[in-house]
Amino acid sequence: MRSLARQYSSSIAPRFLAFLLVCGAVFSLPEASFARDWQIYKMGGRDYVSDENVAKFYQFQRFAKEDDDRIFQHPSLIMTWKIGSQAIYVNNIKFNLSFPVVENDGKAMLSTVDLAKLVDPVVRPSYIKKPINFDTVVLDAGHGAHDSGAKGIYGREKDYALDMALRVEAELKKRKFKTLLTRRTDVFLTLGERVAIANQQRNAIFVSLHFNSSGSRTANGIETYALAPQGTRSTNGGSPWSSPLNGNVRDAENIALATAVHAHVIHDLKSVDRGIKRARFNVLRGINKPAILFEGGFVTNPTEGKLINDEAYRQRVAESIANAIVKFKAAVGSR
1 MRSLARQYSS
11 SIAPRFLAFL
21 LVCGAVFSLP
31 EASFARDWQI
41 YKMGGRDYVS
51 DENVAKFYQF
61 QRFAKEDDDR
71 IFQHPSLIMT
81 WKIGSQAIYV
91 NNIKFNLSFP
101 VVENDGKAML
111 STVDLAKLVD
121 PVVRPSYIKK
131 PINFDTVVLD
141 AGHGAHDSGA
151 KGIYGREKDY
161 ALDMALRVEA
171 ELKKRKFKTL
181 LTRRTDVFLT
191 LGERVAIANQ
201 QRNAIFVSLH
211 FNSSGSRTAN
221 GIETYALAPQ
231 GTRSTNGGSP
241 WSSPLNGNVR
251 DAENIALATA
261 VHAHVIHDLK
271 SVDRGIKRAR
281 FNVLRGINKP
291 AILFEGGFVT
301 NPTEGKLIND
311 EAYRQRVAES
321 IANAIVKFKA
331 AVGSR
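The sequence shown: position 138 = 138 (our numbering), numbered continuously.
Spelled out as structure tokens, the structure:
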């Protein structure tokens, strides 16, 4: 895949920020309905669409096959699939799928869940059913008080998360947003209390800020979570969840917001990309507005932990998140 991707990437304008959503929709696509525009394949009790169908519908200028790899290209976008993989890449940003890409009669097949809940809102955010009009950002600093969160060589997650929330708030205010923090001091809030605070706000989005830990000191990188769609497993495992959750009403908006923030930070900070993932964290389940959980690196990694402990680094991440939210609003707001 890498050789073919390099061949195509040479045609991408350097000014493009390595991800589509942050720049808004850059090409016009037709309206669609699954009945009219998609040929559905049923395999193993699940619905799939083919690579060829996706290439035709989205009017990719180039579509290529190389062994198990598939490349879809527009002037400002490259999407890559690999048969057997549970991740795809859009402009080199990693997206973890709900179901692996499978093969059928020489075609690479993507589940309709991943098509509708991931590819479509990421590739063409302007087609999300309703504009996402918001002027307020609810910032949730993870953990607090006796709940220290991850503990690293240089410090604790609860302190870094609060510092980050305050920095993001300051940057958002410069950009004329209203803000609300679930906590401003070292206090403990239950997950339910955090959700309740967010749900009371109108015209808002929700960003929960965290830092990661691992039993392996080598684990590093940034990952961003959106709520797992109904009927799917979380990226990190568990059983499929058959019942819809409150937050699933916002599936398209959730993945679009995750894309904006994650891709912007990866681009700006040149961090290791652990991907946009799915989970059913309690702070995401009950939210009635677009919501994500951002993990800004591993405090348990000696190198990354030292970086996280640096105020200048946390400031750069905060500025990147604020800029991403500005771009997100422009891409999916009133039109």
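Glycine included, every Cβ here is placed at the ideal spot set by N, Cα and C.
| said: By the three-class DSSP mapping on this structure, what secondary structure does Ala-196 have? | reply: The answer is helix: DSSP assigns Ala-196 an H, G or I state.
| said: Helix, strand or coil for Leu-227? Go by DSSP, reduced to three states. | reply: When DSSP states are grouped into helix, strand and coil, Leu-227 belongs to the strand group.
| According to DSSP, residues forming a beta bridge with Thr-179 | Thr-179 pairs with Val-137.
| said: Quick check on the DSSP output: what are the complete alpha helix (DSSP H) runs of length 4 or more inside the stretch 297-330, in order along the chain? | reply: Along the length of the stretch 297-330, whole alpha helix (DSSP H) runs at least 4 residues long occupy 302-308, reported in chain order.
| query | Assuming Ala-228 and Ser-234 make a contact with CB atoms under 8 Å, what is their CB distance in whole Å? | reply | About 5 Å; that satisfies the 8 Å criterion.
| Going by alpha carbons, who is nearest to Val-137 out of Ala-165, Phe-188 and Leu-307? | Val-137 has its Cα closest to that of Ala-165, out of Ala-165, Phe-188 and Leu-307.
| Given Ala-108 as reference, the closest of Phe-134, Ala-141 and Ile-71 once Cα atoms are compared | Nearest of Phe-134, Ala-141 and Ile-71 to Ala-108, Cα basis: Ile-71.
| request: Grab the span of the beta strand (DSSP E) containing Ser-74 for me, first residue to last. | output: It is worth fixing the name first, because residue 74 is His in this sequence and not Ser. 69-74 is the extent of the beta strand (DSSP E) around His-74.
| Residues sharing a beta bridge with Gly-215, DSSP | Within the DSSP bridge table, the entry for Gly-215 names no partner.
| task | Give the DSSP-derived three-state secondary structure of Val-332 in the structure shown. | result | Correct three-state label for Val-332: helix.
| request: Give the DSSP-derived three-state secondary structure of Ile-132 in the structure shown. | output: Per DSSP, reduced to three states, the secondary structure at Ile-132 is coil, with no helix or strand assignment.
| request: Find the nearest neighbour of Ala-87 within the set Ala-252, Asp-268, Ile-40 and Asp-273, judged by alpha-carbon distance. | output: Considering only alpha carbons, the answer is Asp-273.
| field | Member of Asp-37, Gly-144 and Gly-149 whose CA lies at the smallest distance from the CA of Thr-185 | value | Taking the Cα of Thr-185 as reference, the smallest distance to any Cα among Asp-37, Gly-144 and Gly-149 is reached at Gly-144.
| message | Measuring only the C-alpha atoms, how far is Asp-67 from Phe-60? | response | Their backbone Cα atoms lie some 20 Å apart in a straight line.
| task | Pair every Cβ in the stretch 170-180 with every Cβ in the stretch 243-262, then say whether three or more of these pairs are closer than 8 Å. | result | Under the three-pair Cβ rule at 8 Å, the stretch 170-180 does not count as touching the stretch 243-262.
| field | Counted within 10 angstroms of its Cβ, other Cβ atoms place Glu-169 as buried (16 or more) or exposed | value | Taking every protein chain shown into account, the CB of Glu-169 has 16 or more other CB atoms within 10 angstroms, so this residue is buried.
| query | Is the stretch 139-153 touching the stretch 91-107, taking contact as three or more C-beta pairs under 8 Å? | reply | With the cut-off at 8 Å, the stretch 139-153 and the stretch 91-107 do not touch.
| query | CA-CA distance, Ile-292 and Leu-257? | reply | One Cα belongs to Ile-292, the other to Leu-257, and the distance between them is close to 7 Å.
| Quick one: any contact between the stretch 318-325 and the stretch 273-292, if contact means 3 or more CB pairs under 8 Å? | Under the three-pair Cβ rule at 8 Å, the stretch 318-325 does not count as touching the stretch 273-292.
| Pick from Asn-248, Gly-296 and Arg-250: whose alpha carbon is nearest that of His-262? | Of the candidates Asn-248, Gly-296 and Arg-250, the one whose C-alpha sits nearest the C-alpha of His-262 is Gly-296.
| task | Measure the Cβ-Cβ separation of Phe-298 and Gly-221 and say whether it is below 9 Å. | result | The answer is yes: Cβ separation under 9 Å.
| request: Please name the residue in Pro-240, Asp-268 and Val-123 whose C-alpha comes closest to that of Ala-55. | output: Ranked by Cα distance from Ala-55, the first of Pro-240, Asp-268 and Val-123 is Val-123.
| Can you tell which of Gln-230, Pro-125, Gln-315 and Ala-204 has the C-alpha that lies nearest to the C-alpha of Asn-248? | Nearest of Gln-230, Pro-125, Gln-315 and Ala-204 to Asn-248, Cα basis: Gln-230.
| task | Could you pull the start and end residues of the beta strand (DSSP E) that Leu-269 belongs to? | result | Looking at the DSSP string, Leu-269 is not in any beta strand (DSSP E); the run it does join, the alpha helix (DSSP H), is 251-269.
| request: For Lys-289, name the three-state secondary structure that DSSP assigns. | output: DSSP places Lys-289 outside both helix and strand once states are collapsed to three, so it counts as coil.
| message | Is the separation between the beta-carbon of Asn-96 and that of Lys-277 shorter than 9 Å? | response | Between Asn-96 and Lys-277, the gap from beta carbon to beta carbon is short of 9 Å.
| Where Tyr-346 and Asp-51 are concerned, what is the direct C-alpha to C-alpha distance, given to the nearest angstrom? | With the chain running from 1 to 335 in the structure shown, residue 346 is simply not present.
| As assigned by DSSP and simplified to three states, the class of Thr-185 | Three-state result, Thr-185: coil.
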